[in-house]
Amino acid sequence: MKFIGIDLSGPANHHDTVMTVFEPGETSLVFENILLEASDEIIVSTIMKLATEGEVAIGIDAPLSYQDGGGDRPQDKGLRQCMKEFGLSGSSVMPPTLTKMVYLTLRGVALTRRVLADPAASNIRIVEVHPGAAIGTRIGIENISHALHYKKELSSRQVVFEWFSTVGLDGIPAMVSENSHRIDACAAALAAWHWADPNKQPTWVWTETSPPHPFDVCC
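Take 727 as the starting number for the sequence shown in the working numbering and just add one per residue.
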């Protein structure tokens, strides 16, 4: 099984969209590829190529559904509470229909439905993830400040980058620490790994799926 992490990003679109691919090692995930400024076409074609070769687990940092009538989904409330319990800011979990989130939500919904409509979809598993929570709930209280500040501070990104190897993400190139979207794409793969691997367990997972909300959410 290959593991993919996608930081889908919002209005900046392709410029900030990053996709990482990892393959399983004996006890870790080994970095295989990173795609920068990834369009929907690049994302879909890469996923489908990998899916024709074997199973793929994909962690996507974007809302993959929305609440009918607007506002929070149940999974948003649960994730926000989990983050607060670990000393993280729950404000990064925003309602999918919030004005600044609408494009990201539309992109996530359209992309996942397009992927699952492909004949190779039987090899694909998708989970909605929150990379910041995946980092912050694992990195430890001594480094929690870096989980809070890595989006803006290079020094914190470098700490997170070095920490990745301690949780089983091997071979990540140094250029990943230059940009928070690259860090998030790696953390998205980490969350997908802990969700899909029966020998692992996510820190938090929402599994009450339904037709309006067809995907698990985890960190």
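The C-beta atom is built at its ideal place from N, Cα and C for all residues, glycine as well.
- request: Ignoring anything shorter than 4 residues or poking outside the stretch 843-916, list the alpha helix (DSSP H) runs there in chain order.
  value: Fully enclosed alpha helix (DSSP H) runs of 4 or longer: 857-862, 870-875, 880-890.
task: Report the rounded CA-to-CA distance for residue 742 versus residue 753, giving the unit in angstroms.
output: Looking at the backbone, the Cα of residue 742 and that of residue 753 are separated by about 31 Å.
task: Inspect the CB distances between the stretch 809-818 and the stretch 869-878 and report whether three or more fall short of 8 Å.
output: The stretch 809-818 is in contact with the stretch 869-878.
- prompt: Apart from the five residues just before and just after residue 942, which ones in its own chain have a Cβ nearer than 8 Å to its Cβ?
  reply: So the qualifying residues of the chain are 853, 854, 921, 931, 932, 933, 935.
task: Determine the extent of the alpha helix (DSSP H) in which residue 766 is found, giving its start and end residues.
output: Here the alpha helix (DSSP H) through residue 766 covers 766-779.
- prompt: By the 10 Å Cβ neighbour count, where 16 or more other Cβ atoms means buried, how is residue 801 classified, buried or exposed?
  reply: Classification for residue 801: buried.
field: residue 976, buried or exposed, once every other Cβ within 10 Å from all chains shown has been counted against 16
entry: Outside the displayed span of the chain (727 to 945) sits residue 976, for which this structure offers no information.
field: Any non-hydrogen atom of the ligand SAM closer than 6 Å to residue 801 Cβ
entry: Annotation note on the ligand SAM: not contained in the displayed structure, which lists no ligands.
- prompt: Less than 7 Å separating the beta-carbons of residue 826 and residue 782?
  reply: Not in contact: residue 826 and residue 782 (Cβ atoms no closer than 7 Å).
Three-way DSSP call (helix, strand, coil) for residue 826 in this model: Reduced to three states, the DSSP call for residue 826 is helix.
field: Reference residue 749, options 909, 830, 898, closest by Cα
entry: Distance from the Cα of residue 749 is smallest, within the candidate group 909, 830, 898, for 898.
Beta-bridge pairing of residue 946 - partner residues as DSSP gives them: No answer is possible for residue 946: it lies beyond the span of the chain, which begins at 727 and ends at 945.
- prompt: Rounded to a whole number of angstroms, what is the C-alpha to C-alpha distance between residue 830 and residue 836?
  reply: Those two C-alpha atoms are separated by around 10 Å.
- prompt: Is residue 745 helix, strand or coil by DSSP?
  reply: Of the three classes helix, strand and coil, the one that applies to residue 745 here is strand, per DSSP.
message: Restricting to Cα atoms, I'd like to know which of 735, 731, 765 is closest to residue 759.
response: Considering only alpha carbons, the answer is 731.
field: N-terminal and C-terminal residue of the alpha helix (DSSP H) that residue 805 is part of
entry: Unbroken alpha helix (DSSP H) run through residue 805: 800-811.
task: Tell me whether the beta-carbon of residue 755 lies closer than 7 Å to the beta-carbon of residue 745.
output: In this structure, the beta-carbon distance from residue 755 to residue 745 does not fall below 7 Å.
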